[in-house]
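Structure first, commentary second.
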Amino acid sequence: MKRFTTPIVVVLVLGVLLIWLSSLTLDSIEQRTLNVGYIVERTREHLGLTIATSALVAVLAIPTGIALTRTRSRLVRATVLGIANIGQATPAVGVIILLAILWQTGYSTALVALVIYSFLPVLSNTMTGLQQVDEGVRESAKGMGMTPNQVLLRIELPIAAPVILAGLRTSIVFSVGAATIATFINAGGLGDMIVNGLTLQRFPVLITGAVLVACIALSLDWIAGVAEDLLRPRGI
Amino acid sequence: MHKPEDTAILQIARNTSGAQIVLDQVTKTYPHQPTSAVENFSMTAEPGELIMFVGPSGCGKTTTMKMINRIIEPTSGSIRIDGRDVLSLDPNELRRHIGYVIQQIGLFPHMTIAENIAVVPKLLGWTKSRINARVDELLETVKLDPTKFSHRYPKQLSGGQQQRVGVARALAADPPVMLMDEPFGATDPITRESLQAEFLRLQESLGKTIIFVTHDFDEAVRLGDRIAVLSERSQIEQFDTPANILAAPANDYVSSFIGHGAAIKRLVLIPVTEAKLGPIGDAEAGPITVSIADSLRDALDALVLSGAPALMVVNAAKKPIGSITVERISAVLGADIPDVQGAGLVSASGAGR
Amino acid sequence: MNQLDFDGLLTFWQQRSGDILDMAFQHIAVVAVALMIAVVIGVGVGMLVWDRPVPRSAVIASAGVALTIPSLALLAILVPAFGLGWVPTLIALVLYSLLPIVRNTVVGLRAVPPAVMESAKGMGMNPLGVLVGVQLPMAWPIILTGVRVAAQLTIGTAAIAAYVAGPGLGQYIFKGLASLGSKNALNLALTGTIGIVILALIVDAIFVFIARYTTSRGLRA
Ligand SMILES: Nc1ncnc2c1ncn2[C@@H]1O[C@H](COP(=O)(O)OP(=O)(O)O)[C@@H](O)[C@H]1O
Ligand SMILES: [Mg+2]
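Listed in order, the protein sequences are those of chains A, B and C.
Mapping of the first sequence onto my numbering: position 215 corresponds to residue 215, and the numbering continues sequentially without gaps.
Mapping of the second sequence onto my numbering: position 135 corresponds to residue 371, and the numbering continues sequentially without gaps.
Mapping of the third sequence onto my numbering: position 46 corresponds to residue 635, and the numbering continues sequentially without gaps.
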């Protein structure tokens, strides 16, 4: 029952939004944005950016985390973690806008900025997950004649999986939020509706955009949570 | 077809009931350490022997043992199993044929008990049916019901049960050599005793060559065929059978390690049948009896606990065959002392104080 | 394309140092006020629900929902009702701070060993006395960690609040965006971003300091 709270809440909120919108008489500016075609297009952009970001983060941050736990050089580890921690303290909007100024506006910039911004949770969770594998477990695996790759793939990564997945889930939530800001650099997404609604003083547009983004964030977080439960190895 | 080292490993592997292990002038110096952890260590373990390394914490027992399966690489010296230099073999291949049990157990939490035991057979490419049969057989061997435990996860087992699985897992591919580093060290005294007893019984039928590390001298006496008493830098102070070490400690270091009560400790090693039993009539019939399978130590315990002056000794069929008293027990020790240096024992208890 | 001109940046900082410090001060002020409100609400709610399973999980789940909602969306939803400026900013920052603070309060209060609670009761303390006199001091290091996490979170979020006219260094970032193409764009955005990073690091260091000096000596690791 508890598991279905989020989808029920999301459906209810969307239902209330729909009823509220249909009770309004929209002016011509509102009609231009509050129609199915426009909303679907913005949602598609938003989801596309989020999913592309998460996929890239997974592909880049997990191997980086593995490589960092393997390096013997303290200096390398400290440097990367230091940079990552400063990255954590950097506001998403700062990253996106700086990159737009230094490079260009648009989708690719937004994607790069989002990847940078969502990188840390996956990186640090990969490292934490691998580091917390019990030394006795690692030594047994080695003592039983597993090659270093076998130890990594069959023992360490499965045991670290829940922690890594939790990092990915955090990073997905981060990137839904950061994708909203992509509107500032002309990369589309539902942020467009929020910003248009604010600048044009059309609150129905603003509210619709904000509610949709919130619902997407909650739904993706929920899906990631379910996936986390399903993919977690039993016994851990 | 095969690389020469493959066949060398196969030859070691085929010898499932115990291989000879030779350590020759082995030294290990950890990086950035002023002194060696192990210095010039030489020892031969004969096939089927259960050898105990005993010594205080930090004396180098673990380091010495872990060089045999190359978890730790020796700085110099050579190690041979059945005449083959392990340093010339592929370490991963080698380890698949050396059973390995550590104090932390190190069961894989994400695998079921059956999957844990199947790891090495899988690495060796056994067929599914052979692996399944082997897993069941091993679980029976360590007294865990396969139908009940196969599909459980490690966290669903008690500490003692986990350690049994650890032993079963190490035995999976029927290795000729087993390395055990304080395997029962983390269990409570009662569990430890039953694990030790089962382990002894198991070894009787398997006859592996086993290096067993412990800091508990009583455990060493109870289990070992031979005991190596080690001091700093893994120096061998004495390497002999438990009876000989108890009867004649080589030096003060060994005596102090034996501690108080060397005589009592020796009783563990002597079966009740060694005593000259008294007539059945000496003992009153009571609930507490001594079995001929017990040691003199068990008999003494029973006497002290019951408070009776004499106890009945019964055979396997529970038929009385005689009686035993404290005097008869000490007579066995008394008869034993003169022929192996009575003086040694006196100085032993003296040094222990 | 815009190249970084280091001398230009230094000159920019010199000319506007007063304004930059003012913005930094406002940034810290809004974060500090939000944190204080969030601590009062969060610790209070945590004390009410820590040993009641149903309200406890309901409170933590709702706080989790608040944290999941993207900041621009949350700020935007607040604008029709509360207008622009400090008010929506404060409300959003308080909402974001609640999860770490409530969760850590609950975890901290529950982490007190039953033996300690029992002996406190045995000495004749009433439940409120135990909570305030024993549990809260013992839970303090964990609660403080929650506040520290909340601080990092809100310092970054306050940057976006500049879009709804919230106070602080975020304004420099958006001014940079607004002057995209001009030669000052990079200086403005860089000043805002670096300023916020520095604030975050300073605040974090302050929390390490506070933790050292407000944790009972007996509890320090
Ligand atoms: N990886 C290591 N690096 C440096 N010194 C070590 C390492 N492992 C063990 N030592 C040192 O080597 C000595 C022997 O250790 P060990 O073999 O673990 O002893 P034991 O098993 O008898 O307790 C100790 O002094 C210990 O501190
Ligand atoms: Mg050791």
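Every residue, glycine too, gets a C-beta built ideally from N, C-alpha and C.
Starting from E473 (chain B) and walking both ways along the beta strand (DSSP E), at which residues does that stretch end? Unbroken beta strand (DSSP E) run through E473 (chain B): Q471 to D476.
Residues near V80 (chain A) in its chain [Cβ-Cβ closer than 7 Å; skip 5 each side]: The answer, listed in chain order, is L68.
Is it right to say G770 (chain C) is buried, meaning 16 or more other beta carbons lie within 10 angstroms of its own, or is it exposed? Flag for G770 (chain C) reads exposed.
Coil, strand or helix - I783 (chain C) by DSSP: Note: I783 (chain C) maps to helix in three-state DSSP.
When we look at the beta-carbon of L206 (chain A) and count the other beta-carbons within 10 Å, is it buried (16 or more) or exposed? With 16 or more Cβ atoms within 10 Å of its Cβ, L206 (chain A) is classed as buried.
DSSP state of F420 (chain B), grouped into three classes? In the structure shown, F420 (chain B) sits in coil (DSSP, three-state: anything other than H, G, I, E or B).
Is there contact here, the segment 92 to 100 of chain A with the segment 130 to 139 of chain A, by at least three beta-carbon pairs under 8 Å? No contact exists between the segment 92 to 100 of chain A and the segment 130 to 139 of chain A.
Does the distance from the C-beta atom of V213 (chain A) to that of T50 (chain A) stay below 8 Å? The beta carbons of V213 (chain A) and T50 (chain A) sit no closer together than 8 Å.
Is S660 (chain C) close to chain A? Criterion is C-beta to C-beta, closer than 8 Å. With 8 Å as the cut-off, S660 (chain C) counts as an interface residue toward chain A.
Please report the straight-line C-alpha distance between V13 (chain A) and L26 (chain A), rounded to a whole angstrom. If you take the alpha carbons of V13 (chain A) and L26 (chain A), they lie about 20 Å apart.
Would you kindly report the start and end of the unbroken alpha helix (DSSP H) that includes F119 (chain A)? Start and end: Y107 to Q131.
Please report the straight-line C-alpha distance between S314 (chain B) and M303 (chain B), rounded to a whole angstrom. Per the coordinates, the alpha-carbon of S314 (chain B) lies some 10 Å from the alpha-carbon of M303 (chain B).
In the DSSP assignment, find the unbroken beta strand (DSSP E) run with Y389 (chain B) in it and report its ends. Per DSSP, Y389 (chain B) belongs to no beta strand (DSSP E) and is neither H nor E.
For I762 (chain C), go through chain A and note every residue whose CB falls closer than 7 Å to its CB, in chain order. What I762 (chain C) touches in chain A: V93, G94 and I97.
Backbone secondary structure at S293 (chain B) - three-state DSSP: Here S293 (chain B) sits in coil by DSSP.
With distance defined between alpha-carbon atoms, name the residue in B:P485, B:V290, B:K444 and B:I307 nearest to A464 (chain B). For the residues B:P485, B:V290, B:K444 and B:I307, the minimum Cα distance to A464 (chain B) belongs to B:V290.
Counting Cβ pairs closer than 8 Å, one from the segment 438 to 449 of chain B and one from the segment 280 to 295 of chain B, do we hit at least three? Three or more Cβ pairs drawn from the segment 438 to 449 of chain B and the segment 280 to 295 of chain B lie within less than 8 Å of each other, which places the two stretches in contact.
Nearest chain A C-beta to P644 (chain C) closer than 8 Å, yes or no? For P644 (chain C), the nearest beta carbon of chain A is not closer than 8 Å to its own beta carbon.
Taking Cβ to Cβ, would you say D530 (chain B) is nearer than 8 Å to V508 (chain B)? D530 (chain B) places its beta carbon less than 8 Å from that of V508 (chain B).
Between the segment 651 to 677 of chain C and chain A, which residues of the former have CB atoms less than 7 Å from a CB of the latter, in chain order? Going along the segment 651 to 677 of chain C in chain order, one finds V654, T657, I658, P659, S660, L661, A662, A665, I666, V668 and P669 with a Cβ nearer than 7 Å to chain A.
Within 7 Å: the Cβ of T300 (chain B) and any heavy atom of ligand 2? Relative to ligand 2, T300 (chain B) has its C-beta separated by 7 Å or more from all heavy atoms.
With a threshold of 8 Å between beta-carbons, can D192 (chain A) be considered close to chain E, or not? In summary, chain E is missing from the structure at hand, where the protein chains are A, B and C.
Near P677 (chain C), which residues of its chain fall below 8 Å by C-beta distance, leaving aside the five closest residues on each side in sequence? Cβ neighbours of P677 (chain C) beyond the five flanking positions: L664, L667, V668, F671, A750, V753 and G755.
Starting from Q340 (chain B), find everything on chain A with Cβ-Cβ shorter than 9 Å and list it in chain order. Residues of chain A passing the Cβ test: D134, E135, G136, V137, E139 and S140.
In chain A, which residues lie with their C-beta within 9 Å of the C-beta of T782 (chain C)? What T782 (chain C) touches in chain A: T90, P91, V93, G94, V95, I97 and L98.
Give me the chain A residues within the contact set of N251 (chain B), using Cβ-Cβ distance strictly less than 8 Å, ordered along the chain. Chain A residues near N251 (chain B): none, gap ~17 Å exceeds 8 Å.
Going along chain B in order, which residues have a C-beta closer than 7 Å to the C-beta of I159 (chain A)? Within chain B, the residues P345 and H346 have their CB atoms less than 7 Å from the CB of I159 (chain A), given in chain order.
For the segment 347 to 378 of chain B, which residues have a beta carbon sitting closer than 8 Å to at least one beta carbon of chain A? Here the close residues are M347, T348, V355, V356 and L359.
Taking the straight line between their C-alpha atoms, what separation do you get for T170 (chain A) and L190 (chain A)? Going by C-alpha positions, T170 (chain A) is about 20 Å away from L190 (chain A).
Identify which residue in A:Q104, A:T180 and A:G235 has its Cα closest to the Cα of V93 (chain A). Answer by Cα proximity: A:T180.
Determine the chain A residues that contact R331 (chain B) at a beta-carbon separation under 9 Å, and present them in chain order. Within chain A, the residues near R331 (chain B) are K142, G143, M144, G145 and M146.
Could you check whether A89 (chain A) and T817 (chain C) sit closer than 8 Å to each other, using their CB atoms as the reference points? With chain C running from 590 to 810 in the structure shown, residue 817 (chain C) is simply not present.
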